[in-house]
Amino acid sequence: MDSELEQLSLTIIKTANRLFSEGTKRYLVGICGRPGSGKTTIAKRLSGLINSKYCDSNQDGKDIIGSGSEAVEDNLKSSEHSDISIVIGLDGWHYPRSVLDTFEDPIEAHLRRGSPDTFDSTKYLNFLQVITDPTRRTSEGEIEYAPGFSHTLKDPIERQIAILPTHKIIILEGLYTSLQSNPVWKQASLMVHTPIRIDVHPDIARLRLVNRHLISGICDHRSQAEQRVDSNDGPNGDFLLKNSRLPEYIITSIDDPSIKISDQTP
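Numbering-wise (full-length UniProt numbering), the sequence shown opens with residue 1 and increments by one.
This is how it looks when you write it as structure tokens:
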């Protein structure tokens, strides 16, 4: 898998160079896949490869990102945080539990948390439009912010992730980065330049999820964890596979000992 990700990182950098030279402000990569496929881990590894290979090929700080961002070269030279890539998880656009309480069937909404309707897709779309708008400037310079998610609080946290001017390749990871089940999700998915899907055998994903729910304390008993996976995680995965944009690249997730699938990955 490492060699596959290394090659993909080089392809992304090459594509980014072309897009930025044409005036694109940010290059969006979307990584989707059923729950338990390892999206978060693979996204972080891919982002790390992009950053290291970008640095290797630009030791002098020259403009890899083209003429579309005039101030970036100076920012790269002056900033201690000169990574070109950053990972943003879709978790930050979960509706807070207080909002789920207002749903027509709040009990079902909480049980089905993680399904498309329990995400604020409009807010997510607006975020993508903001960070890719070449004319936008904020009171804090060009820094934008994305929400994060606290697994302790079980709710999103506003403005948790800073997106610096040097962050030109945004890796979006989550179940629904390629979803096209309604007009809002579809519009958001079409803003992604490079859609990637992580494939995994459903049985492997199920085992990972059951173990994850037990380790994280979400479920107390194995039977409870299995029921949660079969009634929520599994159906969400099946839904996204049937209703998502076709990927440009497919990565097959395997039980690689060098890859630790996070206990908190959605």
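We treat Cβ as the ideally placed atom computed from N, Cα and C, and that holds for glycine.
On a predicted model such as this, the values are computed, not experimentally measured, just so you know.
Pairwise C-alpha distance: residue j and residue i
| i | j | result |
| --- | --- | --- |
| N17 | P247 | 21 Å |
| I84 | D133 | 17 Å |
| K39 | R137 | 31 Å |
| R228 | G217 | 13 Å |
| K77 | T166 | Below a pLDDT of 50, predicted positions are generally treated as unreliable, and K77, at 40, falls in that range; no measurement from the model is reported. |
| N182 | N243 | 9 Å |
| E144 | G234 | 34 Å |
| P96 | F119 | 9 Å |
| K186 | F127 | 15 Å |
| I171 | H221 | 35 Å |
| I204 | T41 | 16 Å |
| S223 | D230 | 10 Å |
| H193 | V29 | 6 Å |
| I254 | F239 | 22 Å |
| E142 | I131 | 9 Å |
| D2 | A146 | 28 Å |
| S21 | E173 | 25 Å |
| C32 | G89 | 10 Å |
| T135 | S82 | 22 Å |
| Q7 | Q160 | 31 Å |
| A162 | G23 | 23 Å |
| F103 | T15 | 42 Å |
| Y176 | N232 | 15 Å |
| H151 | K123 | 20 Å |
| K25 | S98 | 35 Å |
Residue i: first and last residue of the uninterrupted alpha helix (DSSP H) it sits in
| i | result |
| --- | --- |
| G234 | 234 to 242 |
| S9 | 2 to 21 |
| L100 | 97 to 100 |
| V184 | 183 to 190 |
Cβ shell of residue i (< 7 Å), same chain only, five flanking positions each side left out
| i | result |
| --- | --- |
| S115 | N236 |
| I50 | S9, I12, I13, I84, S85, I169 |
| A225 | V210, H213, L214, C219 |
| L100 | P106, A109, H110, R113, T118 |
| E80 | Its pLDDT being 47, under 50, E80 is placed unreliably by the model, and the measurement read from it follows with that caveat. Around E80: no qualifying Cβ. |
| residue 283 | This structure does not reach residue 283, given that the chain is present from 1 up to 266, and the question cannot be answered. |
| L125 | V184, Q187, A188 |
| S121 | V184, W185, A188 |
| E158 | P147 |
Same chain, Cβ closer than 6 Å to residue i, five either side skipped, listed in chain order
| i | result |
| --- | --- |
| residue 280 | As shown, the chain starts at 1 and ends at 266. That puts residue 280 outside it, with no answer to give. |
| L19 | Y27 |
| D199 | I250, T252 |
| F149 | D91, G92, P156 |
| S47 | S85, V87, I171 |
| G36 | A205, R208, L209 |
| A43 | I31, V87, I171, E173 |
| S52 | none |
Start and end residues, beta strand (DSSP E) containing residue i
| i | result |
| --- | --- |
| P156 | 155 to 163 |
| L172 | 169 to 173 |
| L28 | 27 to 33 |
| P247 | No beta strand (DSSP E) holds P247; DSSP gives it neither H nor E. |
| G148 | 144 to 150 |
| S85 | 85 to 89 |
Beta-carbon contacts of residue i that lie in its chain and below 8 Å, excluding the five residues immediately before and after
| i | result |
| --- | --- |
| P202 | R34, G234, G237 |
### Query
Which whole runs of the beta strand (DSSP E) in the segment 102 to 137 are 3 residues long or more, in chain order?
Secondary structure in the segment 102 to 137: no beta strand (DSSP E) run of 3 residues or longer lies completely within the stretch.
### Whole alpha helix (DSSP H) elements within the segment 194 to 239, 4-residue minimum
Scanning the segment 194 to 239 for uninterrupted alpha helix (DSSP H) segments of 4 residues or longer gives 202 to 216, 222 to 228, listed from N- to C-terminal end.
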